[in-house]
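S.K.:
There are 2 protein chains.
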Amino acid sequence: MTAKLPYYAVIFTSTRAEGDNGYAGMALQMEELAQEQPGYMGIESARGDIGITVSYWESLEAISNWKANADHLVAQRKGKIEWYTWYKVRVCLVEREYDFGNKNVF
Amino acid sequence: MTAKLPYYAVIFTSTRAEGDNGYAGMALQMEELAQEQPGYMGIESARGDIGITVSYWESLEAISNWKANADHLVAQRKGKIEWYTWYKVRVCLVEREYDFGNKNVF
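Taken in sequence, the protein lines are chains U and F.
Counting along the first sequence from 1, when you hit position 34 you're at 17 in the working numbering, and nothing is skipped either side.
Counting along the second sequence from 1, when you hit position 57 you're at 40 in the working numbering, and nothing is skipped either side.
#1: Please report the Cβ distance between T68 of chain U and A0 of chain U, rounded to the nearest whole angstrom; I am assuming they are in contact, meaning their Cβ atoms lie under 8 Å.
#2: Could you pull the DSSP bridge partners for V103 of chain F from this structure?
#3: What do you reckon, are the CB atoms on G22 of chain U and W40 of chain U nearer than 8 Å?
#4: Mapping DSSP to helix, strand and coil, what is A(-14) of chain F?
#5: Could you have a look at K86 of chain F and say whether DSSP puts it in helix, strand or coil?
#6: Within 8 Å of any Cβ in chain F, is that where the Cβ of R73 of chain U sits?
#7: What residues in the region -12 to 8 of chain U bring their beta carbon closer than 7 Å to a beta carbon of chain F?
#8: Could you list which residues in chain B have their beta carbon closer than 8 Å to that of D82 of chain F, in chain order?
#9: Which whole-angstrom value is the C-beta distance of R30 of chain U and G31 of chain F, which I expect to be below 8 Å?
#10: Taking buried to mean at least 16 other C-beta atoms within 10 Å of its own C-beta, is K71 of chain F buried or exposed?
#11: Please check if any C-beta of chain U sits within less than 8 Å of the C-beta of V77 of chain F.
#12: Look up S42 of chain F in the DSSP assignment and say whether it is helix, strand or coil.
#13: Is it buried or exposed for Y(-9) of chain U, if we count other Cβ within 10 angstroms and need 16 for buried?
#14: Report all residues from its chain with a CB closer than 6 Å to the CB of T(-4) of chain U; omit the five preceding and five following residues, and keep chain order.
#15: Determine the DSSP secondary structure at I33 of chain U, reduced to helix, strand or coil.
#16: Taking 8 Å as the threshold (beta carbon to beta carbon), is S38 of chain F in contact with chain U?
#17: Mind checking whether V37 of chain U and V(-7) of chain U have CB atoms under 8 Å apart?
#18: According to DSSP, simplified to helix, strand and coil, what is A115 of chain U?
#19: For K86 of chain F versus T(-2) of chain U, is the C-beta spacing smaller than 8 Å?
#20: Return the chain-ordered list of same chain residues with a C-beta closer than 7 Å to the C-beta of E15 of chain F, the five sequence neighbours on each side being excluded.
#21: Using a Cβ-Cβ cut-off of 8 Å, state whether R60 of chain U counts as contacting chain F.
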């Protein structure tokens, strides 16, 4: 993707609690739901000792709306109770970007 | 870590080429070298289908200096030739942050 700068990135880093407890299904559901939101641009995700998910958005308003989405609020609540022992959210303005090589997905 | 806002995040997303070709050793070396740079704040890394490494810096100047570091330039060159089929770098201003739970590392 070559997006028009600037845009926003939300960096979500986390450590998981033991067991799935419905996490995988909800994560997929939230990813699909995020894609339907106005201002959504894309998502990238990886997990090792910690998980890092970065979602990309056109504006702060789009991020606020997604944070306040009713189904997403349910997921956020379950996240604190069942899925995560720790997480950190950083809302960032993407000021510059450059890439190398080709990748077909975002 | 609770850092003084704003600070900078460099989001490095990548897809790896086949084989190690000295990658793991160099990655460790670069992480250690980054930690010695002025303005370095921390690093978070995870790999699944793609790799995501986010490094945190006090200023754009600190990021520029690290990008221009001689040993890092060697690693960057090898990255294009041997280690990555694709990567993308995003330089971001962290405007807001919040967290949940406790984690002892950055």
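For every residue, glycine included, the Cβ atom is placed at its ideal position computed from N, Cα and C.
M.R.: In short, the structure shows the following:
#1: 5 Å
#2: For residue 103 of chain F there is no data in the structure shown, the boundaries of chain F being -16 and 89.
#3: yes
#4: coil
#5: coil
#6: For R73 of chain U, a Cβ of chain F is located within less than 8 Å of the residue's own Cβ.
#7: A(-8), I(-6), T(-4) and T(-2)
#8: Structure shown: chain B not included; protein chains present are U and F.
#9: 6 Å
#10: buried
#11: yes
#12: coil
#13: buried
#14: I33, I35 and K71
#15: Annotated three-state conformation of I33 of chain U is coil, per DSSP.
#16: no
#17: yes
#18: Because chain U spans -16 through 89 in this model, residue 115 of chain U falls outside it and cannot be assessed.
#19: Closer than 8 Å, so yes.
#20: none
#21: Closer than 8 Å: no.
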